[in-house]
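Novice: If you scroll down you'll find the structure; I have some questions about it.
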Amino acid sequence: MAKRIETIGLSCFYGSTRAVDDVSLVIEPKTVTALIGPSGCGKSTVLRTLNRLHEVVPGARIEGRVLLDDLDIYAETVDPVAVRRTIGMVFQRPNPFPTMSIYDNVAAGLKLNGMRRKGELDAAVERSLRAANLWTEVKDRLSKPGAGLSGGQQQRLCIARAIAVEPEVLLMDEPCSALDPISTLAIEDLMAEIKDSYTIVIVTHNMQQAARVSDTTAFFTLRGPGEPGHLVEVDTTTKIFTNPTQKRTEDYITGRFG
Amino acid sequence: MSISLIAAPAVSLRSRRLSSSVVLGYAAAAVVVTAALFAVTPLGGRVDFAMVAALAVIATIVVVSWRVEGRRRATNRLVTLGAALSFLLAMLPLVAVLGYTLSRGIKRLSPNFLTHSMAGVGPLDSGGGVYHSILGTVEQVGIASLVSVPLGLLVAIYITEYGRGRLAFSIRFFIDVMTGIPSIVAGLFIFAFWVLVLHRGFSGFAAALSLAILMLPVVVRSTEEMIRLVPNGLREASYALGIPRWRTIVSVVLPTALTGITTGIMLAVARVTGETAPLLLTASGNDFIHVNPFSGQQSALPLFVFQQTQSAFDVAIDRAWAGALTLILIVIALYVAARLLTRRNTLVRR
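Chains A and B, in that order, are what the protein sequence lines are.
By the working numbering, the letter at position 230 of the first sequence is numbered 230, and the numbering carries on one by one without gaps.
Numbers in the working numbering are just positions in the second sequence, counted from 1, shifted up by 1000.
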C-alpha cells in the first residue's frame, strides 16, 4: 500500500494550448501533499494527469513522464483503466451516482469491476464507510439514494467510494470547496487518519487547509493570463509557510499576490 | 471625518396594489359589457364572444392596473394574462380532439367490440370489432420497436460517447435527414423494395419495417439529447474508480438518462402507432384475424379507422370513432406504463 509518485518534466496540453509547463515533483508515500496556487495555474490539471484522467478530455495530452514507484504510467503497455484502479480520486463537487443507493455507490468500483460475492462486498462497504466516518450516520439507510445525503455526507460517501477499491494513492481535487466548515473539519480529520495507509495529494485554494493537513506543499503559479502554469517551489509545509525560498511563494501565501 | 446625516428624498417603498377581488370584479364587468355589446349589436357567435371577452378582460385589467399600480405591474399583468391565454389556446385542440373522440367513440366501445374481428360483417351490420386490428398494431409496433430501439440506442451511444470527427458528424446529419422523411415515402420504399422487388408480399412485418424507419431517427435524437444531459462529472467519477468506459456507459450513464430515454422511446412508439399511410402500402388491411406477421395481409388500428371512414353508413362511422378511441387509449396506457416502470427503476435497488 501507498506508493511514491514522481513527475519528470511533465507538460500538459489541451489541444495545442500548453496548460502546464515542465513540472518535476516527487510525492512521498504515506504523506499528504498539497498543491496550491492561483486559479488557472494548472494544479488540477497536474492532479488529473496522475491517474490518467487528463486524457479523457478530447484533445488533451501530456509530455514528460509520471512514475508510480518505478513504473511509468504513461508507457505504451500500461492500461489507463488499471492505473485508475490503483489511484483513487475525489472531486470538487460531490458526485455520487444518482441512480444508486448508498450501498451501491460505495460498492460501485468493486461491483462494476466484476466482484459479485455478497459477503465480501458487505465487508468492503462497511470498512470503507467506517474509514470515511460515515458508517454510523448511514448504516440504517444503506438502501436509500446516495443523492439524498447532505453535501458533506455526499463528499464522505465519495471518499468511501474511492477507498473501497483499496487504491495506493488518493487524489483530492478541492474536496472541501463546496462544504461548510464542520464538514470540512470532518474530511480533514479523515485525511489525517487515513494518511498512514495512502499517499494523498490534495489540491486546495484554502491555504489554512494546506497548512493544517499537508506534510509537503507545492506552489504553482502562472506568469499571466494565457501563460502555462508552472511549479515554483516544493518543500515541507512548515518551510513553505514560514520561510519560503522564492519571493513569489512568500507573496502568495502572505496574500500579496505577485 | 464626520458622518453627516442628510435626509434622504422621500422615496416611498409602498405602492397601491389591486386586490384579487377587485381584479376579478373588473374582469366580470368586462365580460358583462361584452355580453351587452353582443346583445345590442349584430355581433354574435359563441367563439366570437369568447375571443372578444378575453381581449376585453385583458385590456380592462391592464388599463386599470396601469392607472393604479403603475407601468411595471401593468406590464407584468399583461404578460401573465397573455401566457395564460396562450396556454388555454394550446390546450384547446388537445382537449377538443380527446373530448370529441371520447364522446363519439364511447357508444360503440364495448368488450364485444374489443374481442371480435370484422369477419363476416356486412356493410349494414352493426356488429364487428377491432380485435384483429389491435393484434396487428401490437405485432407491427412491437416488431418495429424491437428493430429500431436497440439500433437507435446504439447509434445514439456511438455519436455521444465514442464518435468523433467526420463519421459521427455524417451519421448525425443523415439521422436529421431521416427525421424529415414523410411517412408515405417510408411506406413506398418498403412497398417497392420488400413487397415488389423481393416478392415478399404484403405482411405485418413489411409494415413493421416501414414503421422502424420512422421510429429510428426519433429514438436516436431523443436518446442523444438525454445522454448529453448526463453530467460529465459522473463519467469521470466512474473512470476514476477504474471502471472501463463501456461499463461506465451501461451502469452509470444509461441508468441516469433512463427516464428521459424511455419518454423519447414512448413518444416514438406513440407516433408510429398512429401512422396510417405506410400501412396502406405494406400491411394492406384485413377483415379477419391474422396472427402471423411474416406473411399475408394484416389489419392495424389506423387502417381499421381509415377503412371504416370510407363507408357511407353510420354503423361504419361509429366503428371508426370507437377504433380511434381504442388507439388513443392504447397509446395513453403505454405511456403511463412506461413512466411507472422507469420511475420504479430509477428509485434505488440494492
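Yeah, the Cβ is synthetic: ideal placement off N, Cα and C, and Gly gets one too.
In this text, all values refer to a predicted model and were calculated from it rather than measured experimentally.
(1) Where does Ser1203(B) land, buried or exposed, given buried means 16+ other C-beta within 10 angstroms?
(2) Does the Cβ of Gly1264(B) have 16 or more other Cβ atoms within 10 Å, making it buried, or fewer, making it exposed?
(3) Going along the chain, which residues of the stretch 1220-1236 of chain B sit with their C-beta nearer than 8 Å to a C-beta in chain A?
(4) DSSP three-state call for Gln1298(B): helix, strand or coil?
(5) Taking 7 Å as the threshold (beta carbon to beta carbon), is Val165(A) in contact with chain B?
(6) Have a look at Val1031(B) and Ile1061(B) and give me their C-alpha separation to the nearest angstrom.
(7) Can you tell me whether Thr77(A) is buried or exposed? The criterion is at least 16 other CB atoms within 10 Å of its CB, across all chains shown.
(8) Check this for me: beta carbons of Thr242(A) and Thr216(A), under 7 Å apart or not?
(9) Compute the distance between the beta-carbons of Val83(A) and Ile73(A), then report whether it is under 7 Å.
(10) Relative to the C-alpha of Arg1242(B), which candidate in Val56(A), Tyr14(A), Ile8(A) has its C-alpha closest?
(11) Given that Arg1247(B) touches chain A, what residues does it touch there, using C-beta distances under 7 Å?
(12) Scan the stretch 1129-1172 of chain B and note each continuous alpha helix (DSSP H) run of 4 residues or more that stays entirely inside, going in chain order.
(13) What are the start and end residues of each continuous beta strand (DSSP E) run of 3 or more residues lying completely inside the stretch 1029-1078 of chain B, in chain order?
(14) I want to see whether chain A comes within less than 7 Å of Val1348(B), judged by CB atoms only; does it?
(15) By a C-beta neighbour count over all protein chains shown, 10 Å radius and 16 as the cutoff for buried, is Ile1332(B) buried or exposed?
(16) Short check: CB of Ala107(A) to CB of Val125(A), under 7 Å?
(17) Which residues in chain A have a C-beta closer than 9 Å to the C-beta of Arg1164(B)? List them in chain order.
(18) With H, G and I counted as helix, E and B as strand and the rest as coil, what does DSSP make of Met1001(B)?
(19) From Gln1310(B) to Ser1210(B), what distance separates their C-alpha atoms?
(20) Tell me the residue span of the beta strand (DSSP E) that contains Phe220(A).
(21) For the stretch 137-196 of chain A, list the beta strand (DSSP E) runs that are entirely contained and at least 3 residues long, ordered along the chain.
(22) Please state whether DSSP places Val1336(B) in a helix, a strand or coil.
(23) Under 7 Å, Cβ to Cβ, is there at least one residue of chain A near Thr1256(B)?
(24) Using 10 angstroms around the beta-carbon of Leu1098(B), count the other beta-carbons present and answer buried if the total reaches 16, otherwise exposed.
(25) Output needed for Lys144(A): all residues of its chain with C-beta closer than 7 Å, excluding positions within five of it in sequence on either side, in chain order.
(26) To the nearest angstrom, how far is it from the Cα of Cys12(A) to the Cα of Val66(A)?
(27) If you draw a straight line from the C-alpha of Gly15(A) to the C-alpha of Pro228(A), how long is it?
(28) Can you tell me which of the three DSSP states Thr86(A) falls into?
(29) So, with DSSP's three-state summary, where would you put Leu1124(B)?
(30) Thr45(A) and Val20(A) look like a contact to me (Cβ under 8 Å); what is the Cβ gap, rounded to whole Å?
(31) Is there at least one Cβ from chain A nearer than 7 Å to Pro1293(B)'s Cβ?
(32) With a cut-off of 8 Å on the beta carbons, I'd call Ala123(A) and Ile194(A) a contact; round off their distance for me.
(33) Buried or exposed: Thr1079(B), going by 16 or more other Cβ atoms within 10 Å of its Cβ?
(34) Thinking just about the alpha-carbon of each residue, which of Ile200(A), Ala34(A), Asp196(A), Leu71(A) is nearest to the one in Ile8(A)?
(35) Our contact map puts Gly1105(B) next to Ala1322(B) with C-beta atoms below 8 Å; I'd like the distance itself, whole angstroms only.
(36) Using a beta-carbon distance below 7 Å, is Thr45(A) in contact with chain B?
Specialist: In terms of the structure at hand:
(1) On the second sequence, residue 1203(B) is found 203 positions in, with the first residue counted as 1. It is buried - the Cβ of Ser1203(B) has at least 16 other Cβ atoms within 10 Å.
(2) The residue labelled residue 1264(B) in the question sits at position 264 within the second sequence. Buried, because 16 or more other Cβ atoms sit within 10 Å of the Cβ of Gly1264(B).
(3) Pro1231, Gly1233, Leu1234, Arg1235, Glu1236
(4) Position 298 of the second sequence holds residue 1298(B). In this structure, Gln1298(B) counts as strand in the three-state DSSP scheme.
(5) Sequence index remark: in the first sequence, residue 165(A) carries index 165 (1-based). Yes, because at least one Cβ of chain B sits closer than 7 Å to the Cβ of Val165(A).
(6) Taking the second sequence and counting its residues from 1, the one referred to as residue 1031(B) is at position 31. Taking the second sequence and counting its residues from 1, the one referred to as residue 1061(B) is at position 61. Cα to Cα, the separation comes out at about 12 Å.
(7) Translated into the one-based positions of the first sequence, residue 77(A) becomes position 77. Exposed.
(8) Within the first sequence, the letter at position 242 stands for residue 242(A). Within the first sequence, the letter at position 216 stands for residue 216(A). Judged by beta-carbon spacing, Thr216(A) lies beyond the 7 Å limit of Thr242(A), meaning their Cβ atoms are not closer than that value.
(9) Numbered from 1 along the first sequence, position 83 holds the residue referred to as residue 83(A). Numbered from 1 along the first sequence, position 73 holds the residue referred to as residue 73(A). Result yes, Cβ atoms of Val83(A) and Ile73(A) sit closer than 7 Å.
(10) Walking along the second sequence from the start, residue 1242(B) turns up at place 242. Looking at the sequence itself, residue 1242(B) is Gly, so the reference to Arg does not match. Out of Val56(A), Tyr14(A), Ile8(A), Val56(A) has the C-alpha closest to the C-alpha of Gly1242(B).
(11) Reading the second sequence from its first residue, position 247 is the one you call residue 1247(B). By Cβ distance, chain A contributes Leu112.
(12) 1131-1157
(13) none
(14) Here residue 1348(B) refers to the residue found at position 348 of the second sequence. Residue confidence is low: Val1348(B) scores 40 on pLDDT, short of 50, so the model does not pin down where it sits. Its coordinate-derived value is still stated next. Contact of Val1348(B) with chain A is assigned, a C-beta pair being separated by under 7 Å.
(15) Stepping through the second sequence from its first residue, residue 1332(B) is reached at position 332. Classification of Ile1332(B): exposed, given that the 10 Å Cβ count is below 16.
(16) Position 107 of the first sequence holds residue 107(A). Position 125 of the first sequence holds residue 125(A). A contact, by the Cβ cut-off of 7 Å.
(17) By 1-based counting over the second sequence, the position of residue 1164(B) is 164. Within 9 Å Cβ-Cβ: Pro58.
(18) As a first step, residue 1001(B) must be located in the second sequence, where it is residue number 1. Note that Met1001(B) has pLDDT 49, beneath the 50 cutoff, so the model's placement of it is unreliable and the number below is only indicative. Here Met1001(B) sits in coil by DSSP.
(19) For this step, residue 1310(B) is matched to residue 310 along the second sequence. For this step, residue 1210(B) is matched to residue 210 along the second sequence. Their Cα atoms are separated by approximately 24 Å.
(20) Taking the first residue of the first sequence as 1, we reach residue 220(A) at position 220. The continuous beta strand (DSSP E) containing Phe220(A) extends over residues 216-222.
(21) 169-173
(22) Position 336 of the second sequence, counted from the start, is the residue given in the question as residue 1336(B). Val1336(B) falls in the helix class under three-state DSSP.
(23) Residue 1256(B) sits at position 256 when you count from the first residue of the second sequence. Yes, Thr1256(B) counts as interfacial toward chain A.
(24) Taking the first residue of the second sequence as 1, we reach residue 1098(B) at position 98. Exposed, since its Cβ has fewer than 16 Cβ neighbours within 10 Å.
(25) Working through the first sequence from its first residue, we reach residue 144(A) at position 144. Take Lys144(A), set aside five residues on each side of it, and the residues of its chain with a beta-carbon closer than 7 Å to its own are Ser101, Ile102, in chain order.
(26) One-based indexing of the first sequence puts residue 12(A) at position 12. One-based indexing of the first sequence puts residue 66(A) at position 66. So the alpha carbons of these two residues sit roughly 12 Å apart.
(27) In the first sequence, residue 15(A) corresponds to position 15, counting from 1. In the first sequence, residue 228(A) corresponds to position 228, counting from 1. Distance between the alpha carbons of Gly15(A) and Pro228(A) is about 13 Å.
(28) Against the first sequence, residue 86(A) aligns to sequence position 86. Of the three classes helix, strand and coil, the one that applies to Thr86(A) here is helix, per DSSP.
(29) As a first step, residue 1124(B) must be located in the second sequence, where it is residue number 124. It is coil, neither helix nor strand.
(30) Taking the first residue of the first sequence as 1, we reach residue 45(A) at position 45. Taking the first residue of the first sequence as 1, we reach residue 20(A) at position 20. So it is a contact: roughly 5 Å between Cβ atoms.
(31) Within the second sequence, the letter at position 293 stands for residue 1293(B). It does not: the Cβ of Pro1293(B) has no partner Cβ on chain A nearer than 7 Å.
(32) Taking the first residue of the first sequence as position 1, residue 123(A) is located at position 123. Taking the first residue of the first sequence as position 1, residue 194(A) is located at position 194. That pair is no contact at about 18 Å.
(33) Within the second sequence, residue 1079(B) is the residue found at index 79, counting from 1. It is Val, not Thr, that sits at residue 1079(B) in the sequence shown. Looking at its Cβ environment, which holds fewer than 16 other Cβ atoms inside 10 Å, Val1079(B) is exposed.
(34) In the first sequence, counting from the first residue as 1, residue 8(A) sits at position 8. Measuring C-alpha to C-alpha distances from Ile8(A) to each of Ile200(A), Ala34(A), Asp196(A), Leu71(A) identifies Leu71(A) as the nearest.
(35) Counting from 1 along the second sequence, the entry for residue 1105(B) is found at position 105. Counting from 1 along the second sequence, the entry for residue 1322(B) is found at position 322. Rounded, the Cβ-Cβ distance is 5 Å, consistent with contact.
(36) Working through the first sequence from its first residue, we reach residue 45(A) at position 45. So, not an interface residue.
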